[in-house]
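Undergrad: Residue numbers (my numbering), protein chains in the order written: chain A, 2 to 110; chain B, 11 to 250.
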Amino acid sequence: MKLHVDQNPELATITPEGEVDLNVSRDFQLALRQTIDQKPSKLVVDLSQVPYMDSSGVATLVDALQQARKIGSELVICGMQPKVLSIFEITRLNDVFKIVKTLDEARLA
Amino acid sequence: MEEQAKKPVVQLVLPAEPPHIRVEMFSQPRYLSGARDLVSAVARRFGFDEGACGQIALAVDEALCNIIRHGYDRRADGKIWIMVWPIQDSSAGAGCCGDCCSSAADPLFPGDAAASRSDEPGLAECEPTGILIAIEDEAKQVDPSLIKSRDLEDIRPGGLGVFIIQSVMDAVAYQHRDTGGMRLLMAKRTDPEAARKERLEHPDLELSEPSSGSSSSEPSSGPDGSPGHTSGAHPTQERP
Numbered sequence: 002m003k004l005h006v007d008q009n010p011e012l013a014t015i016t017p018e019g020e021v022d023l024n025v026s027r028d029f030q031l032a033l034r035q036t037i038d039q040k041p042s043k044l045v046v047d048l049s050q051v052p053y054m055d056s057s058g059v060a061t062l063v064d065a066l067q068q069a070r071k072i073g074s075e076l077v078i079c080g081m082q083p084k085v086l087s088i089f090e091i092t093r094l095n096d097v098f099k100i101v102k103t104l105d106e107a108r109l110a
Numbered sequence: 011m012e013e014q015a016k017k018p019v020v021q022l023v024l025p026a027e028p029p030h031i032r033v034e035m036f037s038q039p040r041y042l043s044g045a046r047d048l049v050s051a052v053a054r055r056f057g058f059d060e061g062a063c064g065q066i067a068l069a070v071d072e073a074l075c076n077i078i079r080h081g082y083d084r085r086a087d088g089k090i091w092i093m094v095w096p097i098q099d100s101s102a103g104a105g106c107c108g109d110c111c112s113s114a115a116d117p118l119f120p121g122d123a124a125a126s127r128s129d130e131p132g133l134a135e136c137e138p139t140g141i142l143i144a145i146e147d148e149a150k151q152v153d154p155s156l157i158k159s160r161d162l163e164d165i166r167p168g169g170l171g172v173f174i175i176q177s178v179m180d181a182v183a184y185q186h187r188d189t190g191g192m193r194l195l196m197a198k199r200t201d202p203e204a205a206r207k208e209r210l211e212h213p214d215l216e217l218s219e220p221s222s223g224s225s226s227s228e229p230s231s232g233p234d235g236s237p238g239h240t241s242g243a244h245p246t247q248e249r250p
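1. What did DSSP end up calling Phe58(B) once you bin it into helix, strand or coil?
2. Can you list, in chain order, the residues of its chain whose CB lies under 8 angstroms from that of Asp22(A), leaving out five sequence neighbours each side?
3. Am I right that Asp83(B) and Leu42(B) are in contact with their C-beta atoms under 8 angstroms? What's the rounded C-beta distance?
4. With a threshold of 7 angstroms between beta-carbons, can Leu42(B) be considered close to chain A, or not?
5. Under 7 angstroms, do Gly190(B) and Glu146(B) count as touching if we go by C-beta distance?
6. Inspect the beta-carbon positions of Glu127(A) and Lys3(A) and report whether they are closer than 7 angstroms.
7. For Asp38(A), which of helix, strand or coil comes out of DSSP?
8. Using a Cβ-Cβ cut-off of less than 7 angstroms, list which residues of the region 63–75 of chain A approach chain B; keep chain order.
9. Kindly confirm or deny that the region 74–92 of chain A and the region 180–187 of chain B touch, where touching means at least three C-beta pairs closer than 8 angstroms.
10. For the structure I just gave you, are there three or more beta carbon pairs, one from the region 30–41 of chain A and one from the region 58–71 of chain A, closer than 8 angstroms?
11. How about Ser56(A): is its C-beta nearer than 7 angstroms to some C-beta of chain B?
12. For Pro39(B), which residues in chain A fall below 9 angstroms Cβ to Cβ?
13. Using CA coordinates, which residue listed in Met196(B), Pro96(B), Gln151(B) is at the minimum distance from Leu68(B)?
14. With Val94(B) and Pro29(B) assumed to form a contact (beta carbons below 8 angstroms), what rounded beta-carbon distance in angstroms separates them?
15. Since Lys89(B) is in the beta strand (DSSP E), which residue starts that stretch and which ends it?
16. Show which residues of chain B have a CB atom less than 7 angstroms away from the CB atom of Lys84(A).
17. Under the three-state reduction of DSSP, which class applies to Ile157(B): helix, strand or coil?
18. Here's a check: name, in chain order, each residue in its chain whose Cβ is nearer than 6 angstroms to the Cβ of Ala53(B), leaving out the five neighbours to either side.
19. Are there 16 or more other CB atoms within 10 angstroms of the CB of Thr61(A), so buried, or fewer, so exposed?
20. Could you work out which residue in Ser26(A), Val46(A), Arg27(A) is closest to Gln8(A) when comparing CA atoms only?
21. Taking C-beta to C-beta, are Asp112(A) and Pro167(B) nearer than 7 angstroms?
22. Using only the alpha-carbon positions, how far apart do His186(B) and Val178(B) sit?
23. Looking at the structure shown, is Leu25(B) part of a helix, part of a strand, or coil, going by DSSP?
24. So, are the CB atoms of Pro39(B) and Asn24(A) less than 7 angstroms apart?
25. What is the residue span of the beta strand (DSSP E) that Lys17(A) lies within?
26. Restricting to Cα atoms, I'd like to know which of Leu86(A), Leu94(A), Glu90(A), Ile91(A) is closest to Lys102(A).
27. Using only alpha-carbon positions, find the residue among Ala107(A), Asn95(A), Leu104(A) that is nearest to Ile165(B).
28. For chain A, check one thing: does any of its Cβ atoms lie closer than 7 angstroms to the Cβ of Gly88(B)?
29. For Leu210(B) and Gly169(B), I'd like the C-alpha separation in whole angstroms.
30. Would you grab the beta carbon distance between Glu34(B) and Lys89(B) for me? Rounded to a whole angstrom, and I think it's under 8 angstroms.
31. Could you check the C-alpha separation between Arg206(B) and Pro41(A) for me, to the nearest Å?
32. Does the beta carbon of Ile173(A) come closer than 7 angstroms to any beta carbon on chain B?
33. Report the neighbours of Gly81(B) on chain A: residues whose CB is nearer than 9 angstroms to its CB, in chain order.
34. Suppose only complete runs of 3+ residues qualify. What are the beta strand (DSSP E) ranges in the region 68–106 of chain A, listed by chain order?
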């Protein structure tokens, strides 16, 4: 998995590329925490390049959501592929996260 | 919890027949991707549509993650075995011919699989009606009754694996292995209508084929050769 991070203080963006499973979820978590530590107003997680995610990746995003809420930052997820959206639906976390289709929508959300 | 409530209470037992596939891997997360790809490809051949293949691969992934994280505490040298059997629907007319494969009797529709087998070996084609997967380890044993999915209302990281497995598979059972470690048995039936619809919508996708495999009728010796795997009569641990 590759991680592309844009730590803009107003609108930070994290774009993982590749499958997010237990093998890489720690790297994903580290990147999310480091970005949230910069206290951006909004953090967009662009999952358009993630074809698969297991519960370790979902847990990482739940952790990030909680950290973001603590500092008053908004976390938005965009670009979910069907398999990834499926795991959010199974765990009913699709109602917990703010999920939009495109990066543009996420920026405006 | 609605999906789980619909699922029948069934007994899952380790089949006496040898698995069609047996893979041994170390408890290292870097092998998760390969395990997912293997199981997904096999499920495809058993007649599952793409969505179901993804669900089965996800269940295997979650099971392996639980073993790596909680069973072996992230030790990298623990052994894990993945075993796969096609399920033959003993309640349907097209049962296993008895010679072409060594499929597991349908655990979701318990019955005498032999009764549905053809008297003319080799004439019937063994189209699987489901998949049975066993995942075994030598990690610490836990009381199967304590393995439960957590309340989803409690929004927190972690603990979702068991819920996901129970959600996407039709039947799940955790057992102690006689020789130490744990066994997870999980089964899922194919949805022929979904597969047919998918083939019509995506004719370029590869069609599933009937399974073939060993004709041996000898009982499995298990991944470690332990006699405990030969009985096929392990007690069932029902899951909520």
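From the three backbone atoms N, C-alpha and C, an ideal C-beta is built for every residue, glycine too. Predicted, not measured: the structure shown is a model, and the values here were computed from it.
TA: Let me lay it out:
1. As a first step, residue 58(B) must be located in the second sequence, where it is residue number 48. Phe58(B) falls in the coil class under three-state DSSP.
2. As a first step, residue 22(A) must be located in the first sequence, where it is residue number 21. Correct list, in chain order: Tyr53, Met54, Asp55, Ser57, Gly58.
3. In the second sequence, counting from the first residue as 1, residue 83(B) sits at position 73. In the second sequence, counting from the first residue as 1, residue 42(B) sits at position 32. Between Leu42(B) and Asp83(B) the Cβ distance is about 17 angstroms, and since that is not below 8 angstroms, they are no contact.
4. Looking up residue 42(B) in the second sequence gives position 32. Output row for Leu42(B): interface = yes.
5. Position 180 of the second sequence, counted from the start, is the residue given in the question as residue 190(B). Position 136 of the second sequence, counted from the start, is the residue given in the question as residue 146(B). No, these two residues do not count as a Cβ contact at 7 angstroms.
6. Because chain A is modelled from 2 through 110, residue 127(A) falls outside the range shown and cannot be assessed.
7. Position 37 of the first sequence holds residue 38(A). Helix.
8. The residues in question are Val63, Asp64.
9. no
10. yes
11. Here residue 56(A) refers to the residue found at position 55 when the first sequence is read from its first residue. Chain B, which has a Cβ nearer than 7 angstroms to the Cβ of Ser56(A), makes this yes.
12. What you label residue 39(B) is simply residue 29 of the second sequence in a count that begins at 1. In chain order: Asp22, Leu23, Asn24, Val25, Ser26, Ser57.
13. The residue given as residue 68(B) occupies position 58 in the second sequence. Among Met196(B), Pro96(B), Gln151(B), the Cα nearest to that of Leu68(B) belongs to Met196(B).
14. Walking along the second sequence from the start, residue 94(B) turns up at place 84. Walking along the second sequence from the start, residue 29(B) turns up at place 19. Confirmed, about 6 angstroms.
15. Locating residue 89(B) in the second sequence gives position 79, where the first residue counts as 1. Where Lys89(B) is concerned, the enclosing beta strand (DSSP E) stretches over 89–98.
16. Working through the first sequence from its first residue, we reach residue 84(A) at position 83. Chain B residues near Lys84(A): Gly64.
17. Counted from its first residue, the second sequence places residue 157(B) at position 147. Three-state result, Ile157(B): coil.
18. Start at 1 with the first residue of the second sequence, and residue 53(B) comes out as number 43. Excluding residues within five positions, the ones whose Cβ falls inside 6 angstroms are Cys63, Ile66, Ile141.
19. Position 60 of the first sequence holds residue 61(A). Classification for Thr61(A): buried.
20. The sequence position of residue 8(A) within the first sequence is 7, counting from 1. Closest by alpha carbon: Val46(A).
21. Look at the range of chain A in this structure, 2 to 110, and you will see that residue 112(A) is not part of it.
22. Taking the second sequence and counting its residues from 1, one reaches residue 186(B) at position 176. Taking the second sequence and counting its residues from 1, one reaches residue 178(B) at position 168. So the alpha carbons of these two residues sit roughly 23 angstroms apart.
23. Reading the second sequence from its first residue, position 15 is the one you call residue 25(B). For the record, residue 25(B) in the displayed sequence is Pro; it is not Leu. Coil at Pro25(B), not helix or strand.
24. By 1-based counting over the second sequence, the position of residue 39(B) is 29. By 1-based counting over the first sequence, the position of residue 24(A) is 23. Yes.
25. Looking up residue 17(A) in the first sequence gives position 16. Before going on, a small fix: residue 17(A) reads as Pro here, not Lys. That run of the beta strand (DSSP E) goes 12–18.
26. Sequence index remark: in the first sequence, residue 102(A) carries index 101 (1-based). That would be Leu86(A), whose Cα lies nearest to the Cα of Lys102(A).
27. For the purposes of this step, residue 165(B) is taken as residue 155 along the second sequence, with counting starting at 1. Considering only alpha carbons, the answer is Asn95(A).
28. What you label residue 88(B) is simply residue 78 of the second sequence in a count that begins at 1. Against chain A, the CB of Gly88(B) has no partner CB under 7 angstroms away; the residue lies outside that interface.
29. Here residue 210(B) is taken as the residue at index 200 of the second sequence, counted from 1. Here residue 169(B) is taken as the residue at index 159 of the second sequence, counted from 1. When rounded, the distance between both Cα atoms is 38 angstroms.
30. The sequence position of residue 34(B) within the second sequence is 24, counting from 1. The sequence position of residue 89(B) within the second sequence is 79, counting from 1. At roughly 6 angstroms, the Cβ-Cβ gap stays under 8 angstroms, so Glu34(B) and Lys89(B) are in contact.
31. For the purposes of this step, residue 206(B) is taken as the residue at position 196 of the second sequence. For the purposes of this step, residue 41(A) is taken as the residue at position 40 of the first sequence. Taking the straight line from one Cα to the other gives about 48 angstroms.
32. The requested residue 173(A) does not occur in the structure, where chain A is confined to residues 2 to 110.
33. Position 71 of the second sequence holds residue 81(B). Those within 9 angstroms of Gly81(B) in chain A number zero; the least Cβ separation is about 13 angstroms.
34. 75–79, 99–101, all fully within the region 68–106 of chain A.
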